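Quick note, our numbering runs 455 ahead of the 1-based positions in the sequence shown.
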Amino acid sequence: MTVSELLHVSDSRELEKEEIMALLNVDNFSSDFYRLLDKANALSRADYHDRGYIFLQIGINSAPCSGNCKFCSMGADHYALTETGEQSIDRIQEIVESAVAQQVDAIFLMTTADFPLDAYLKIARKVKPLLPEHVMLIANVGDFDQETAQKLKDAGFTGVYHIVRLSEGIDTDISPEKRVATLDAIAAVGLDLLYCIEPIGPEHTYEQIANEILRARKYNVDIMACMRRVAVKGTPCFDRGEISDLELAKIVAVTRIAAHPGRSMNVHEPNALAMLSGVNQLYAEIGCNPRDNALDTQENRGYSIRKARDLLRQNGYH
456 MTVSELLHVS DSRELEKEEI MALLNVDNFS SDFYRLLDKA NALSRADYHD RGYIFLQIGI
516 NSAPCSGNCK FCSMGADHYA LTETGEQSID RIQEIVESAV AQQVDAIFLM TTADFPLDAY
576 LKIARKVKPL LPEHVMLIAN VGDFDQETAQ KLKDAGFTGV YHIVRLSEGI DTDISPEKRV
636 ATLDAIAAVG LDLLYCIEPI GPEHTYEQIA NEILRARKYN VDIMACMRRV AVKGTPCFDR
696 GEISDLELAK IVAVTRIAAH PGRSMNVHEP NALAMLSGVN QLYAEIGCNP RDNALDTQEN
756 RGYSIRKARD LLRQNGYH
């Protein structure tokens, strides 16, 4: 089938793996590339009614992490930050109160994989009362079992950001099976799952990307994202480079069309071209960040709430 025929088919049924890969193989300099963007953009405008979302992610701690991801600035074997540290509860509360005043839609609490669960739950219980009912509290932590998933839910978390990363078990010291077990634990207790195709590098195949699109669809993900791998100096993946804005925009568009997230579509890092691929949700970031070697990403790579809001408004989202 032609690209136009595949896009038409996607209106009436879910695309199969080979069809998703066919869309991913579209030439980035062809007219079909723009057909993909147009379709994804039209879907988001219709389904999301021009509603934009801003999420704030707070990096709680900076420390060498046993996950040892080769693309992460905090991998145990290649720690790339200048020092270690942890945000105080008072500082986290201050950040959250400011974010709520700026009308964010979700607060993400991110830690390294080894951060103590009890300390994490304590922070969550301090943060939750600060949030209006409509503001989601999202966990972004290491792998866990169903018992821990229930503890997260009981502490007030709305959902969890968790994924099987591209080249999991090769570029990380974590098995794909362990990641899937955590996804199943999240689903079992009724927490929302937030998913992302990441970290996309030039070496990743369209089959790998299609597999993760299908995984997100299997778990009925409503909040979806695509992220290119950032070449962080000091990490083993640095010399592999990055995909282009064009390639990222295409992958976002195909993911939006094939995964059909019910609430929002996000892109990392934010850029104007990808906004035409159906993106209606952006992250602001504070504290340490796996894609940065600054102790506080808001001083370097991280987007501010204001910048995220401005970019959404420029693209017609309210």
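Every residue gets a Cβ at the ideal spot worked out from N, C-alpha and C, and that includes glycine. These numbers were taken from a predicted model, which means no experiment stands behind them.
If the five residues before and after Ala640 are omitted, its C-beta is found closer than 6 Å to the C-beta atoms of Asp600, Gln601, Ala604, all from its own chain and listed in chain order.
Lys673 and Leu648 have their C-alpha atoms spaced approximately 11 Å apart.
The alpha-carbon separation between Gly624 and Gln548 amounts to approximately 35 Å.
DSSP places Ala739 in the uninterrupted beta strand (DSSP E) bounded by 736 to 742. Annotation for Met476: the continuous alpha helix (DSSP H) segment containing it runs 472 to 479.
Here the region 486 to 503 makes no contact with the region 512 to 521; the two share fewer than three CB pairs at distances below 8 Å. Per DSSP, the continuous beta strand (DSSP E) segment holding Val722 begins and ends at 719 to 723. For Asp647, the pairing in a beta bridge is given by DSSP as Gly614. Taking a 10 Å sphere around the C-beta of Asn744, we find 16 or more other C-beta atoms and assign the residue as buried.
Phe570 is positioned such that its CB atom lies no closer than 7 Å to that of Ala594.
Within the DSSP bridge table, the entry for Arg683 names Ile655 as partners. If only complete runs of 3 or more residues are kept, the region 550 to 586 shows the beta strand (DSSP E) at 561 to 565, in order along the chain. When the beta-carbon positions are compared, Asn523 and Asp694 stay at least 7 Å from each other.
Taking all protein chains in view, the Cβ of Phe563 is crowded by 16 or more other Cβ atoms within 10 Å, so the residue is classified as buried. Below 8 Å, too few C-beta pairs join the region 463 to 474 and the region 686 to 700 to call them touching: fewer than three. The residue from Gly597, Arg490, Leu491, Pro654 with its alpha-carbon nearest to that of Lys525 is Pro654. Classified as buried, Asp747 has 16 or more neighbouring CB atoms from the shown chains inside 10 Å of its CB. The residue from Pro519, Glu541, Ser543 with its alpha-carbon nearest to that of Asp532 is Pro519. Assigned with DSSP and collapsed to three states, Tyr534 falls in coil, not helix or strand. Here Phe510 is buried. Its C-beta has 16 or more other C-beta atoms within 10 Å. Residue environment analysis places Thr710 among the buried positions, since at least 16 neighbouring C-beta atoms fall within 10 angstroms of its C-beta.
In summary, Lys494 is buried, with 16 or more beta-carbon neighbours lying within 10 Å of its beta-carbon over all protein chains present. Between the alpha carbons of Glu667 and Leu478 lies a distance of about 15 Å.
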